[in-house]
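Residue numbering for the sequence shown follows this note's numbering, beginning at 16 and increasing consecutively. Since the structure comes first, as structure tokens, the remarks are kept for the end.
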Amino acid sequence: MSSFYAVRRLCLVLGLHHSGYYQWLKRPKSLRTRQDERQTGLIKQLWLESGTVYGYRKIWLDMKDLGECVGRNRIARLMRLAELASQTGYRKRRYYDGGKPSFASPNYLERQFVVPTPNTHWVSDMTYSVPGVQGEHGRSNEPRVCLEY
């Protein structure tokens, strides 16, 4: 912000004295900030050794093996701040052979649903669905085709 606006003006807006800002700049880094910087370097090293694949859970396990006392949430926060993300979707997808193609009966009606007399054309429908799946809720046995005569 100080590259866009004058420090004195920003401090005036915030109700602070400008000398406090400069004292804050000269203040030594806190213990937590120093630990975060050290652990961020270690996290980045472990992440690169994994081939940029590991996420915070596996990095946490590796750091535990190294004897570091750090929590998973802290590792997740440090990885997010360092813009380190686990690689997803890197496994090769397995495609299985579907076997023989299913047998389809010939289409005798050919979408001609108007029949001259009753009991000359019969239509059936095989539905393989579980009630409650895909919003059916047990209505999957309702007829799909109605023949008019």
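Here a beta-carbon is modelled for each residue, glycine too, at the ideal position from N, C-alpha and C. Owing to the predicted nature of the structure, the values given are computational and were not obtained by experimental measurement.
Exercise. May I ask which residues mark the beginning and end of the alpha helix (DSSP H) holding Glu-64?
Key: Going by DSSP, Glu-64 is part of the alpha helix (DSSP H) stretching over 46-64.
Quiz prompt | Nearest residue (CA-CA) to Thr-103, options Leu-31, Cys-26, Tyr-71 | solution = Nearest C-alpha to Thr-103 among Leu-31, Cys-26, Tyr-71: Tyr-71.
Quiz prompt | Contact belief for Met-78 with Val-85 at Cβ below 8 Å, rounded distance in angstroms | solution = Contact between Met-78 and Val-85 holds: CB atoms are separated by about 6 Å, below the 8 Å threshold.
Self-check item: Three-pair Cβ contact test at 8 Å for the region 86-97 versus the region 118-132
Solution: A contact between stretches requires three or more CB pairs, one per stretch, nearer than 8 Å, and the region 86-97 fails this requirement with the region 118-132.
Quiz item: How far does the alpha helix (DSSP H) with Gln-127 in it reach, from first residue to last?
Solution: According to the DSSP assignment, Gln-127 belongs to no alpha helix (DSSP H), since it is labelled neither H nor E.
Quiz item: Would you report the Cα separation of Leu-61 and Leu-99, rounded to the nearest angstrom?
Solution: If you take the alpha carbons of Leu-61 and Leu-99, they lie about 11 Å apart.
Practice problem: Check Ser-34 in the structure and name its three-state DSSP category. | Solution: The three-state secondary structure of Ser-34, taken from DSSP, is helix.
Quiz item: With DSSP run on the structure shown, which of helix, strand or coil describes Trp-137?
Solution: Here Trp-137 sits in coil by DSSP.
Practice problem: Output yes or no for whether 7 Å exceeds the beta carbon distance between Cys-26 and Tyr-37. | Solution: It is not a contact, given that the beta carbons lie outside the stated cut-off.
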